[in-house]
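What follows is one structure encoded as structure tokens, with my remarks underneath.
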Amino acid sequence: MKFGDAFTEYLQEEGLLLDEKCAHIEYMRLKQVLKTCQNCKDTTTSLHKDQLCQLCDEKFFSELMKEASDIVGYFSSRVKHLLHLHVARGLQRYVLRLRQCFKNDRQALAQEGRILIEYIAMNAIAMRKILKKYDKVHSSMNGKNFKSRMQAEHIELLHSPWLIELGAFYLNSTGRDGCELDGVYGHFSCDLDVTKSSMTLVLPVSIKLEYDLTCAICLDFVFNPYTLGCGHIFCKSCACSAASLMIFQSLKAASPESKCPICREVGVYSKAVHMLELDLLIKKRCKDYWKERLADERVDTLKQSKEHWNFQSTYAIGLL
Numbered sequence: 000m001k002f003g004d005a006f007t008e009y010l011q012e013e014g015l016l017l018d019e020k021c022a023h024i025e026y027m028r029l030k031q032v033l034k035t036c037q038n039c040k041d042t043t044t045s046l047h048k049d050q051l052c053q054l055c056d057e058k059f060f061s062e063l064m065k066e067a068s069d070i071v072g073y074f075s076s077r078v079k080h081l082l083h084l085h086v087a088r089g090l091q092r093y094v095l096r097l098r099q100c101f102k103n104d105r106q107a108l109a110q111e112g113r114i115l116i117e118y119i120a121m122n123a124i125a126m127r128k129i130l131k132k133y134d135k136v137h138s139s140m141n142g143k144n145f146k147s148r149m150q151a152e153h154i155e156l157l158h159s160p161w162l163i164e165l166g167a168f169y170l171n172s173t174g175r176d177g178c179e180l181d182g183v184y185g186h187f188s189c190d191l192d193v194t195k196s197s198m199t200l201v202l203p204v205s206i207k208l209e210y211d212l213t214c215a216i217c218l219d220f221v222f223n224p225y226t227l228g229c230g231h232i233f234c235k236s237c238a239c240s241a242a243s244l245m246i247f248q249s250l251k252a253a254s255p256e257s258k259c260p261i262c263r264e265v266g267v268y269s270k271a272v273h274m275l276e277l278d279l280l281i282k283k284r285c286k287d288y289w290k291e292r293l294a295d296e297r298v299d300t301l302k303q304s305k306e307h308w309n310f311q312s313t314y315a316i317g318l319l
């Protein structure tokens, strides 16, 4: 089955499980635009072709950028809501536990997690194929350059920190090391090895993505992990150290000039995401390591707290 037919079938079937706010790549319509553009190239002069392609570029890429932005926004909001239910606290947690006595909410949440993984994966494949088709029709590199632009603006579909969190959530819910994605014939797996820790997403059309779960600062499994706005993952204590923060402080308290230790991008601490599901996954799969890191972090936190309050007390006494 051609991808266009498979994508249309997907939208008709699993797309019904998502709400009306669900955005997606207008694959068939954009493909028709490229077909029209190909016909224009075959029937017009060279100068006229360039003018038409310039107009096509402006409309084509601006529309594709909006669709990608809408998809990332919808995906992020749905995943946040899903994970909030999974890690609920207080009264909400009590209500959810009570509901589980009458309804298998855990299974329903896991099912929604799988649906959302397939949603972002199908749209990512559609994006990849339409950009490849664009470059073929126009004999250009604009499609490839557009992917770089998406990455720079942090709206590349398969590089969202929420996809890593969702994968960790699904593995936590099922207790497996991997899951098959029936809708896209792909596979999501996790490998927490002594020498290397990573999540792997394998999709058709030769897409294989590895999300490294090793902190680039301490060179160990990420502990109490946070993803900065640029997408790089660090232990909280390591990220705090890089931004001259105390461990007990929020990463969002970092200076606006603070840079990512890897890519050196500015302002990424204000968009930091706490990877609760990933931390839970490591806690379940690597219990001894997690307990050891927790003990070390508590010691460092206590030491920093004492130093901080001693400094504050000395400063206050000096003002008296």
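Numbering (numbering that gives the first Met the number 0), first residue to last: 0 to 319. Every residue, glycine too, gets a C-beta built ideally from N, C-alpha and C.
Endpoints, alpha helix (DSSP H) assigned at F6: 2-12
Let me know the secondary structure DSSP gives V272 once reduced to three states. Correct three-state label for V272: strand.
Integer Cβ distance of L81 from G112, believed to fall under 8 angstroms: 6 angstroms
In whole angstroms, give me the CA-to-CA distance for F220 and W289. 9 angstroms
Rounded C-alpha distance that separates R127 from M121: 10 angstroms
In angstroms, rounded to a whole number, what distance separates the CA positions of S295 and I216? For the record, residue 295 in the displayed sequence is Asp; it is not Ser. Spanning the two alpha carbons is a distance of roughly 16 angstroms.
With distance defined between alpha-carbon atoms, name the residue in Y169, S75, S76, I232 nearest to L108. Y169
Considering only DSSP beta bridges, list what E209 is partnered with. Here E209 is bridged, per DSSP, to T199.
Element boundaries [alpha helix (DSSP H), containing P160]: That run of the alpha helix (DSSP H) goes 160-173.
Are the beta-carbon atoms belonging to A167 and H23 less than 9 angstroms from one another? no
What is the DSSP secondary structure of F222, counted as helix, strand or coil? coil
Please return the same chain residues whose Cβ sits closer than 6 angstroms to the Cβ of I70, not counting the five positions on each side in sequence. For I70, where only same-chain residues beyond five positions count, the Cβ hits under 6 angstroms are A22, N122.
Is it true that the CB of I119 sits closer than 9 angstroms to the CB of F74? yes
Could you have a look at D332 and say whether DSSP puts it in helix, strand or coil? Given a span of 0 to 319 for the chain in the structure shown, any question on residue 332 remains unanswerable.
From the DSSP output, which residues share a beta bridge with I232? T226
Could you say which of F6, L17, C214 lies nearest to R28 if we only look at CA atoms? F6
Taking Cβ to Cβ, would you say A238 is nearer than 9 angstroms to S254? no
Check: C237 C-beta below 8 angstroms from any heavy atom of the ligand ATP: Ligands are entirely absent from the displayed structure, and the ligand ATP is therefore not among its contents.
According to DSSP, what are the bridge partners of A186? Note on residue identity: the sequence assigns His, not Ala, to residue 186. In the DSSP output, where bridge partners are listed per residue, H186 has E179, V201.
What whole-angstrom Cβ distance do H273 and Y225 have, given they're in contact under 8 angstroms? 6 angstroms
Per DSSP, which one or two residues make a beta bridge with K258? V265
Exposure of H307, with buried meaning 16 or more beta-carbon neighbours within 10 Å: exposed
Where does K78 land, buried or exposed, given buried means 16+ other C-beta within 10 angstroms? The question names Lys, but residue 78 in the sequence shown is Val. Burial call: buried.
From L46 to F145, what does the alpha carbon distance come to, in whole angstroms? Only weak support exists for where L46 lies, its pLDDT of 46 falling under 50; the value from the coordinates is given anyway. Distance between the alpha carbons of L46 and F145: 24 angstroms.
Report the partner residues of L191 according to the DSSP bridge assignment. S196
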